[in-house]
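**Q** Structure incoming, see below.
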Ligand code: C5P
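Residue numbers (full-length UniProt numbering): 1 to 205.
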């Protein structure tokens, strides 16, 4: 069984994908990490994320970058969102993601274009979303827990900028795929969101 989970930043899609993988006994790939690794590599090499050639050169990142402690920061998220606009970057990461999706036994993948580009043949498709304020609140709580002093309005502005870029890019924009079930997590606890996701997958698969 292939399960595709797409959605914007901090919608809960990563948590849901991980829980679905555990529930159905499937391997899980967070595809955002691949784009984050490219973004981080551009940053480390002093390149420009808006330059297609610099971004493409960074696709040869060593897997050590995937373990970089700064991979999950908002700053790296911004770089990831900028490098992911370039079609050659998306093409360079395609085979790796498709091989993961099509491995025998199936898989769970989460990202922005899983149901639209990477695995349109997925058995179950979820589009996970939440209001901007709910997502900013989650990010803020998460960062506070890490001891980081961040401004909530700044987080909200960053989220909106990233969403805007992901939704309006020419190639593989973030959108709900045909046949994907919509799951709005704004007013759900983690447990409720996971239970709803499992029920939606069982209904589709
Ligand atoms: O999901 P995450 O926030 O880690 O993703 C970082 C960025 O990588 C996103 O803002 C998006 O621009 C890009 N991305 C993408 N396609 C995916 C996964 C992530 O373009 N499948």
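Using N, Cα and C, we set each Cβ at its ideal position, and we do this for glycine too.
(1) Could you tell me how far apart the beta carbons of residue 174 and residue 8 are, in whole angstroms, since I believe they sit closer than 8 Å?
(2) DSSP state of residue 177, grouped into three classes?
(3) If you check the beta carbons only, do residue 108 and residue 10 fall under 8 Å apart?
(4) How should residue 32 be labelled, buried or exposed, when 16 other C-beta atoms within 10 angstroms of its C-beta is the threshold for buried?
(5) Can you tell which of 183, 187, 204, 205 has its C-alpha closest to the C-alpha of residue 196?
(6) What residues in its chain sit with their C-beta under 6 Å from that of residue 113, if we drop five residues either side in the sequence?
(7) Take residue 16 as the anchor and find which of 91, 51, 127, 59 has the nearest alpha-carbon.
(8) Does DSSP classify residue 61 as helix, strand or coil?
(9) Say whether the stretch 36-50 touches the stretch 80-90, bearing in mind that this needs 3 or more beta-carbon pairs closer than 8 Å, one atom from each stretch.
(10) Buried or exposed for residue 37, please, with buried defined as at least 16 other CB atoms from any protein chain shown within 10 angstroms of its CB.
(11) I need the DSSP call for residue 150, collapsed to helix, strand or coil.
(12) Is the beta carbon of residue 54 sitting closer than 8 Å to the one on residue 110?
(13) Looking only at its own chain, which residues have a Cβ that is under 7 Å from the Cβ of residue 42, when we skip the five neighbours before and after it?
(14) For residue 56, which three-state DSSP category applies?
(15) With a Cβ-Cβ cutoff of 8 Å, do residue 152 and residue 136 count as a contact?
(16) Suppose contacts are defined by Cβ-Cβ distances below 8 Å. Is residue 205 in contact with residue 116 by that definition?
(17) Using only the alpha-carbon positions, how far apart do residue 92 and residue 61 sit?
**A** This is what the structure gives:
(1) Confirmed, Cβ separation roughly 6 Å.
(2) The three-state secondary structure of residue 177, taken from DSSP, is coil.
(3) Not a contact, by the Cβ cut-off of 8 Å.
(4) buried
(5) 183
(6) 172
(7) 127
(8) coil
(9) yes
(10) buried
(11) coil
(12) no
(13) 49, 54, 55, 58, 79, 83
(14) helix
(15) yes
(16) Against a cut-off of 8 Å, the Cβ pair of residue 116 and residue 205 comes out as no contact.
(17) 11 Å
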